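Per the numbering used here, residue 4 is the first one in the sequence shown, and the count goes up by one each step. All C-beta atoms in this analysis are idealised placements derived from N, C-alpha and C, irrespective of residue type, glycine included. Since we're looking at a predicted model, the values are computed, not measured.
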Amino acid sequence: MQKHLSSRIARRSAVSLRSVVSAAAVLLTVVTPVAVAAPAVALPAATTAGTTAQALVVTDVDKADAPFVLGERNDFRGHVTNRSAETVENATGRFTVAYGKHVDAALEAVPADPSKVTVRYRTTGSWQTLALTRGAGGALQATFPMGDVKPGATVWGQFQVTVDRSVPESVTMGEVSVAGYADGTGARTVGFGIPRHITAHEAEVTFGGLAGRPVLDTGGKAVPFTATVTNRTGRDISPNDYFFIDGEGVDLDPEYVTLERRTPAGAWVPVRLGKQDQAVTGNLDQGLLKNGRSRTYQLRLAATKYYPGKARTGTFTFLAGNGSASFTYGVEHGTPDTSDPDVSRQLAIAVKGADGVTRIDKGVAREFTATVTNKGNISQRTNVLMEITDQDVKRRMTAGEIRVEQYAITPRTWFPTELSTSREGGHLMAKIIPTQPKLAPGESATYRLRITATPQTKAKSFFVDIEARAELTSTRKRLPFTLNGSTGTGPGTGTGTGTPAGTGTASPSAAPGTGPGAGTGAVVPAGTGTSPAAAPAGEMARTGSTDTTPLLVGATGLLVAGGAAALFVARRRAA
């Protein structure tokens, strides 16, 4: 008190003695003693460093409004923001929990027992349990992943802390801190009381055996896991155990998924499934569960080959009375056994801009689109081929007569597609890229093409056959073209009939369809001819871009043209 009083007297004296000095000098005289007398001791050193030198700043840490309950999951949130101008790659934060006595409005920590504390962190839609280690002052700490944090982005961390009821009776307070760095730099802390008289209200549900988010392969193996119901309510209860299975944005039916449970004898038996609204549901057990006791289910979940193609994720929710827990799962649409009689491999081709008999002038490009749709119930990798044939089947066409180009979405430009002469007939052949895009059921890939009859064209009329091939199936659509001033294309125009994959010949067909995208070829089993060359693995098969060289020659002699990083198709899913 005397120190502060003397400081004020000194400042007043300084002002009176320097009244003739400028206002700036007066301000400097007044401020300087304050800065010396009050150093930044009110802020922790880590906080000061974090706010000035660190990119990742913890902007908020809080606890859910509900009281902290021993033996139950208690929710906490921590927000970490990147305030720098650069992306922080593979960011890792630190979570710390401590408990002890409440003394003089502060925590007097006791050594925490890691066997009595569980911390879970929510990431990519699922909860993962963090590995706790002993830290300073008896606290427990764990690191958690945040991935790449872009400038200005905020990571909304969700945590759940469970402290066992068997902690000492003297424990009445706890603290949780979140830091944006694994070493704890810039940590912020929230304290909370731990009432000893509050007990759990509902049964607790926990999952086991899941490492991150599980992935279900359609028609593939089931994913095993456990679900445990624990009663820590302080009384005996009889919860009804049941579950819901939801698909992201789709209406799930019981034939889309399977759930099995393991009997005490070790046998796996199916669980009866029903439907409620857009979800699949079912019941497990209902019976007395004494206080402090648990019951565990061994389960396994699978997606059938009928799982909707446009659904990529789903949620499994387990409920025991009003207690619940859930996890999200991913879906990979695979191909089941080829001998499965219930598998549909139907493909369809729709064309716009070249319907019926298309008349063109030499040197003038004609643009059209071809859309390949997977009408089947499994995912399929498709090849799209083009064959150009003179109406006079006895005449061999040369590569310089017709020019074919394909439009790339990225970059936005046209790429020439070189044509090669077939060894077995008089037609020209090309493989449209990308090769083998994987189409889920109901998904489509649209190719934007244009064709030009060059001045060297000798044909008066010719056919362009678009063929889509997949494993054990193919379909074809025939497009007749006539040069202006020539006669019609004659019989054989219209939609082609599907042929065994690898035959490389076009079948005669009926009259042309009418309207945009009229008609598709029939789907038939593949023959024994040589299959098209497989596409290189990598991003091309997933995104529709090609990572090939500009020209590729396949095993069938097909010449493929394209840019080294071009995206050629627009993909869409059925509504």
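From the options, residue whose alpha carbon lies closest to that of residue i
{"i": "Asp-280", "options": "Lys-293, Asp-254, Leu-287", "result": "Asp-254"}
{"i": "Thr-320", "options": "Thr-392, Pro-154, Ser-329, Val-272", "result": "Ser-329"}
{"i": "Arg-369", "options": "Leu-262, Tyr-102, Val-467, Val-122", "result": "Val-467"}
{"i": "Gln-289", "options": "Tyr-245, Arg-137, Glu-474, Val-274", "result": "Tyr-245"}
{"i": "Pro-227", "options": "Asn-234, Glu-263, Thr-221, Arg-199", "result": "Glu-263"}
{"i": "Arg-80", "options": "Ser-87, Val-360, Val-122, Asp-116", "result": "Val-122"}
{"i": "Gly-150", "options": "Gln-131, Ala-139, Thr-416, Val-91", "result": "Val-91"}
{"i": "Gly-215", "options": "Thr-146, Thr-318, Pro-414, Gln-131", "result": "Gln-131"}
{"i": "Ala-314", "options": "Ala-373, Gly-356, Gly-74, Glu-446", "result": "Glu-446"}
{"i": "Gln-383", "options": "Leu-442, Tyr-332, Val-375", "result": "Leu-442"}
{"i": "Val-170", "options": "Lys-153, Thr-221, Pro-114, Ala-225", "result": "Pro-114"}
{"i": "Leu-143", "options": "Thr-99, Pro-154, His-430", "result": "Thr-99"}
{"i": "Val-346", "options": "Gly-359, Lys-378, Thr-192, Gly-138", "result": "Lys-378"}
{"i": "Gly-74", "options": "Leu-133, Thr-209, Val-106", "result": "Thr-209"}
{"i": "Leu-133", "options": "Val-106, Lys-153, Phe-162, Gly-141", "result": "Phe-162"}
{"i": "Ala-139", "options": "Glu-172, Thr-424, Ser-180, Val-106", "result": "Ser-180"}
Coarse secondary structure for residue i, derived from DSSP in three states
{"i": "Gly-425", "result": "Residue identity check: residue 425 is Ser in the sequence provided, not Gly. It is coil, neither helix nor strand."}
{"i": "Tyr-259", "result": "helix"}
{"i": "Pro-114", "result": "coil"}
{"i": "Ala-314", "result": "coil"}
{"i": "Gly-103", "result": "strand"}
{"i": "Ala-462", "result": "coil"}
{"i": "Ala-139", "result": "helix"}
{"i": "Ser-16", "result": "Note on Ser-16: pLDDT 42, under 50, position unreliable in the model; no value is reported."}
{"i": "Lys-119", "result": "helix"}
{"i": "Gly-252", "result": "coil"}
{"i": "Tyr-245", "result": "strand"}
{"i": "Pro-154", "result": "coil"}
{"i": "Lys-397", "result": "coil"}
{"i": "Val-360", "result": "coil"}
{"i": "Leu-475", "result": "coil"}
{"i": "Phe-71", "result": "coil"}
{"i": "Ala-108", "result": "coil"}
{"i": "Gln-57", "result": "coil"}
{"i": "Tyr-300", "result": "strand"}
{"i": "Lys-308", "result": "coil"}
{"i": "Tyr-184", "result": "coil"}
{"i": "Gly-290", "result": "coil"}
{"i": "Asp-468", "result": "strand"}
{"i": "Val-382", "result": "Note on identity: in this sequence residue 382 is Ser, with Val being the wrong assignment. Three-state DSSP puts Ser-382 in coil, outside helix and strand."}
{"i": "Arg-199", "result": "coil"}
{"i": "Arg-86", "result": "coil"}
{"i": "Glu-404", "result": "coil"}
{"i": "Pro-267", "result": "coil"}
{"i": "Gly-160", "result": "strand"}
{"i": "Asn-93", "result": "strand"}
{"i": "Thr-132", "result": "strand"}
{"i": "Thr-457", "result": "coil"}
{"i": "Lys-480", "result": "strand"}
6 Å Cβ shell around residue i - same chain, five flanking residues per side excluded
{"i": "Asp-167", "result": "Lys-119"}
{"i": "Glu-205", "result": "Gly-324, Asn-325, Gly-326"}
{"i": "Asn-243", "result": "Gln-289"}
{"i": "Gln-301", "result": "Thr-229, Arg-265"}
{"i": "Ser-297", "result": "Thr-231, Thr-233"}
{"i": "Gly-177", "result": "Tyr-102, Phe-195, Ile-197"}
{"i": "Thr-261", "result": "Ala-305"}
{"i": "Asn-487", "result": "Arg-362, Asp-364"}
Strand pairing of residue i, partner residues [DSSP]
{"i": "Lys-66", "result": "Phe-79"}
{"i": "Leu-332", "result": "It should be noted that the sequence gives Tyr, not Leu, for residue 332. For Tyr-332, which the question treats as bridged, DSSP gives the partners Gly-317."}
{"i": "Phe-418", "result": "Gln-409"}
{"i": "Ala-353", "result": "Thr-374"}
{"i": "Glu-178", "result": "Ala-101, Gly-194"}
{"i": "Lys-278", "result": "Val-283"}
{"i": "Met-432", "result": "Glu-390, Ser-423"}
Neighbourhood of residue i by C-beta distance below 8 Å, restricted to the same chain and skipping five residues each side
{"i": "Val-526", "result": "Any reading at Val-526 is ruled out, since the residue's pLDDT is 31, under 50, leaving its predicted position unreliable."}
{"i": "Gly-277", "result": "Pro-257, Val-283, Thr-284, Gly-285"}
{"i": "His-82", "result": "Val-61, Thr-62, Asp-63, Val-64, Thr-157, Val-158, Trp-159, Gly-160"}
{"i": "Tyr-259", "result": "Gly-250, Val-283, Ala-306, Thr-307, Tyr-309, Tyr-310, Pro-311"}
{"i": "Gly-403", "result": "Thr-457, Gln-459"}
{"i": "Ala-88", "result": "Pro-154"}
{"i": "Glu-172", "result": "Arg-199"}
7 Å CB neighbourhood of residue i in its chain, flanking five on each side removed
{"i": "Ala-282", "result": "Phe-247, Ile-248, Asp-249, Leu-255"}
{"i": "Gly-291", "result": "The residue asked about is misnamed: residue 291 is Leu in this sequence, not Gly. Only Asp-239, Ser-241 meet the Cβ criterion."}
{"i": "Gly-212", "result": "Pro-227, Phe-228, Thr-229"}
{"i": "Ala-471", "result": "Leu-350, Ile-352, Val-375, Thr-385, Val-387, Ser-477, Thr-478"}
{"i": "Arg-275", "result": "Gly-285"}
Give, in chain order, every unbroken run of the beta strand (DSSP E) that is at least 3 residues long and sits entirely within the region 206-242.
Along the region 206-242, the beta strand (DSSP E) occurs as fully enclosed runs of 3 or more residues at 207-211, 218-220, 226-233, listed in sequence order.
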